[in-house]
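Just below is one structure, and these are the notes that go with it.
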Amino acid sequence: QTIDCMEPVDLGLSVMWATCNVGAEKPEDYGDYFAWGETQPKSNYNWSTYKYCLGTNKTMIKYCTSSSYGHNGFTDGKTILEASDDVAYADWEKKWRMPSRTEFSELLNECTWVQVTNNGVNGYRVTGPNGKSIFLPAAGKRKGNTSWLVGSDCFYWASSLNENYPYEARGSYIGTNECGLDKCNRYEGRTVRAVLR
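Taking the numbering used here, the leading residue of the sequence shown gets 1, the next gets one more, and so forth.
So, in structure tokens, the structure goes:
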């Protein structure tokens, strides 16, 4: 049977979540890795290849709240990804978007997380208050041209900037020992799980 990756799952939360990661064909596929605000996967994830800076974490040219980190003091006050920079919106028929930090917080706090193996792929079964669930594969993340923590941990992007240090964006980290919201360099390659607009 074919799985519709864009099938929304109602977990009993404020938004519906997608069945698969962006770029995946089934729930256990890792899908593609994206730097924050980029809509294409690539082979090398670092500041020199990042779309919205000029090679360093102090030369941001979009989404910058502090002149210390903007190119020539640039700031634009943007703290949430615009639709054109949101890979879920760009890739998925403009009906989906990347989750906000608050929506990820709800997924982390209101659901039951169990480490499982689905068709040979490690990950987490996330069951909502209403008993329905989604599977998040432990896709790890990418820095440079190297993969990190594949098969043990999940790293997902949220749509929010870290306003205090705008070279970082918000995301979530789910690992064997702990899980929660985190923040990291915007150039990192992370997976995306969409929510319905």
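Don't be surprised by glycine CBs; every beta carbon is placed ideally from N, CA and C.
From a predicted model like this one, the values you see are computed outputs, not experimental measurements.
CA-to-CA distance, residue j to residue i, given in whole angstroms
i	j	result
residue 150	residue 96	26 Å
residue 223	residue 82	Outside the displayed span of the chain (1 to 197) sits residue 223, for which this structure offers no information.
residue 72	residue 25	43 Å
residue 74	residue 50	17 Å
residue 165	residue 66	8 Å
residue 30	residue 77	33 Å
residue 130	residue 109	14 Å
residue 17	residue 47	30 Å
residue 52	residue 33	17 Å
residue 55	residue 188	14 Å
residue 7	residue 19	6 Å
Rounded Cβ spacing between residue i and residue j (contact assumed at less than 8 Å)
i	j	result
residue 185	residue 57	7 Å
residue 175	residue 147	That pair is no contact at about 15 Å.
residue 100	residue 160	6 Å
Under the three-state DSSP convention, the category residue i falls into
i	result
residue 87	helix
residue 48	helix
residue 123	strand
residue 118	strand
residue 159	strand
residue 151	coil
residue 142	strand
residue 93	coil
residue 73	helix
residue 170	strand
Residues that DSSP places opposite residue i in a beta bridge
i	result
residue 4	In DSSP, residue 4 forms no bridge with anything.
residue 109	DSSP, once it has assigned bridges, lists no residue as partnering residue 109.
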